[in-house]
Amino acid sequence: MKVIFLAYRQWSLDVYPSVAKHPKISEIVLCKSQEELIKLDLSKFDLIISCGWSEELGSDIVSKIEVIGVHCAELDRYSYGTPIQLQIIDGITKSKHRVFSFTYDENSTRAHTHNRLYSHEVDLDLTGNMKDILEQMTVTSKALFNMFLNDHPNIVWLEWASETIIRKKRSPDDSKLSKENLIKMNTEELYNFFRCLEYPYPNGYIEDEIGRLYIESVRYKKHD
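See the structure below:
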């Protein structure tokens, strides 16, 4: 099997060596940018594995080759971008990490997961700091992609439940915590807000007329 592996974030780049040595893969190319990807002749490959890729691939690519990725949410409402941040802010600590099928639908508002098809899943723990969560993302992505390759081509696709609720993708501007929201939040909510915006994401901050206070890292201890 000839594979293209898409990754640019460090946690996802750390997944690459494990996938590259899978016995079913005869050739693999690592792409770190969209520019590198569009230079390749897709007809010479069998599969694209996307890991932490933020750009839409579009119909020009997904119509020509099978594409899979990993999606770090159990509920459909988190299929529209920034799922880790939104789940943490919503107080979710236990979720799922899944292999999903990349398709493209110009009428869909979902990010990458334009359908709800997935083949494999494992548990994902969203407690701890972002460094801990991303380390877990690396480990679970290795497991998921190897599970997929082990079963390929006899993949059984499942479908997660749809929801009418939509949690919209966060933007860097959402990293600002207003004074109004600050005084309404308890310590655990503040912890969740700031920890989900630790490196490599746009750090959370509070601002007044003097300047901005960025919160790069947080620690929290709940009362007994």
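Quick note: our numbering has the sequence shown finishing at residue 228, numbered continuously throughout.
Glycine included, C-beta positions come from ideal geometry on N, C-alpha and C.
Asked, Found
"Once you ignore the five residues that flank T97 on each side, which residues in its own chain have a CB closer than 8 Å to its CB?", "D129, L130, T131"
"Which class does S166 belong to by DSSP, given the choice of helix, strand or coil?", "coil"
"Taking Cβ to Cβ, would you say P176 is nearer than 7 Å to P157?", "no"
"For the candidate residues K28, M141, S123, V103, whose alpha-carbon lies nearest to that of M5?", "K28"
"Is the distance from the Cβ of S105 to the Cβ of L90 below 7 Å?", "no"
"Please classify V66 as buried or exposed, where buried requires at least 16 neighbouring CB atoms within 10 angstroms.", "buried"
"Would you check if the distance between the CB atom of I69 and the CB atom of I52 is smaller than 7 Å?", "yes"
"If you count every other CB in all the chains shown that lies within 10 Å of the CB of Y224, and 16 or more means buried, which is it?", "exposed"
"Please list the segments of the alpha helix (DSSP H) lying wholly inside the region 51 to 103, counting only runs of 4 or more residues, in order along the chain.", "63 to 66, 87 to 93"
"Determine the closest residue to E220 out of D228, G208, D212, with distance taken between C-alpha atoms.", "G208"
"Could you give the DSSP three-state label for V23: helix, strand or coil?", "helix"
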